[in-house]
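S.K.:
In the working numbering, the protein residues as written are 18 to 310.
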């Protein structure tokens, strides 16, 4: 006699009941919203009371999708959504009329070459082979928007690699750039959950010139490392002229609000090769340190 083989489950799959619910006969009871299956009732899910559930869903959905697609680690790219690629930046300068418009356009042109740097950096990171378990590492991950984010996703696509876009619903139209891999393009309602997903798999971060959003993302990461909530990882800071103009890092040390060694968390970079070389050297040192222990 062979051993009996029990079924994998005895309860119906949720999809089965969801389909069956579409064919329930109409009555005053079945037509009322109270009768809807809870997980199909959008009005119910959008109630303020359900915020904890929505938090959990936004944490869980990308996590499951990334696990299923064997994304082991990411290379995160932060940066402005407003700096165009070089050709478009020069076109803006040509159209500028007032002195203020010309000044802003000139500064955009000065930063626009980092579009090409971000694109090349993404190409380099995207060439890392899968590991023995089939996991992909240093998968490019951006906010999914234009400018430096677009450049990063575009660089991955240049070498036939997948890349991630973490988009967010904003009052003005915010669509994923066309270079994000469709199956790795996610949309968020909560900034907090989006920022968490940026860092859950991050093993290197490149920060390009940017505004409030870039400041928020970079300084939160620095704070997490400074306070021991996140292990140190390579943080590449591109555009020294820009950053030292808008942030006086040394003044923070002189004012006593950060320590001198906190500045060591940042690595100044200008080229893609320089940045990727630092990441490779960093993990070579980590591997050697682990082997020696």
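Cβ coordinates follow ideal geometry from the N, Cα and C atoms, glycine included. Note that the structure is predicted; figures quoted are calculated from it, not measured.
If you count every other CB in all the chains shown that lies within 10 Å of the CB of residue 131, and 16 or more means buried, which is it?
M.R.: Buried: at least 16 other Cβ atoms inside 10 Å.
S.K.: Please confirm whether residue 90 and residue 143 have their CB atoms less than 9 Å apart.
M.R.: no
S.K.: In the DSSP assignment, what residue or residues form a beta bridge with residue 221?
M.R.: 92
S.K.: Considering only the beta carbon of each residue, do residue 15 and residue 168 sit closer than 9 Å?
M.R.: What the structure shows of the chain is the stretch from 18 to 310, and residue 15 is not part of that stretch, so it cannot be assessed.
S.K.: Within this structure, are the beta carbons of residue 186 and residue 165 separated by less than 9 Å?
M.R.: no
S.K.: Using the DSSP secondary-structure output, state which residues sit across from residue 280 in a beta bridge.
M.R.: Looking at the DSSP assignment, residue 280 forms no beta bridge with any residue, so it has no partner.
S.K.: Whole angstroms is fine: what's the gap from residue 3's alpha carbon to residue 200's?
M.R.: Since the first and last residues shown for the chain are 18 and 310, residue 3 lies out of range.
S.K.: Tell me the rounded alpha-carbon separation between residue 88 and residue 195.
M.R.: 20 Å
S.K.: Look up residue 176 in the DSSP assignment and say whether it is helix, strand or coil.
M.R.: coil
S.K.: Residue 266 and residue 158 - do their beta-carbons sit closer together than 9 Å?
M.R.: no
S.K.: Do you know how far the Cα of residue 64 is from the Cα of residue 254?
M.R.: 41 Å
S.K.: What would DSSP say about residue 202, mapped onto helix, strand or coil?
M.R.: Looking at residue 202 - three-state DSSP - the assignment turns out to be strand.
S.K.: Kindly give me the distance between the Cβ atoms of residue 138 and residue 172, rounded to whole angstroms, as I take these residues to be in contact under 8 Å.
M.R.: 7 Å
S.K.: So for residue 153, helix, strand or coil by DSSP?
M.R.: DSSP, reduced to helix, strand and coil, places residue 153 within a strand of the structure shown.
S.K.: Whether or not the segment 66–76 and the segment 42–51 are in contact is what I'm after, with contact meaning three or more pairs of Cβ atoms, one per stretch, closer than 8 Å; do they touch?
M.R.: no
S.K.: Compare the beta carbon distance of residue 213 and residue 95 with 9 Å and say whether it is the shorter of the two.
M.R.: no
S.K.: Given that a residue counts as buried once 16 or more other Cβ atoms are within 10 Å of its Cβ, and exposed if not, what is residue 203?
M.R.: Burial call: buried.
S.K.: Need the endpoints of the alpha helix (DSSP H) that residue 242 sits in, please.
M.R.: 229–243 is the extent of the alpha helix (DSSP H) around residue 242.
S.K.: Go ahead and label residue 252 buried or exposed: buried means 16 or more other beta carbons lie within 10 angstroms of its beta carbon, across all protein chains shown.
M.R.: buried
S.K.: What does a CB cutoff of less than 6 Å around residue 178 pick up in its chain, not counting 5 residues either side in sequence?
M.R.: 143
S.K.: Determine the DSSP secondary structure at residue 294, reduced to helix, strand or coil.
M.R.: helix
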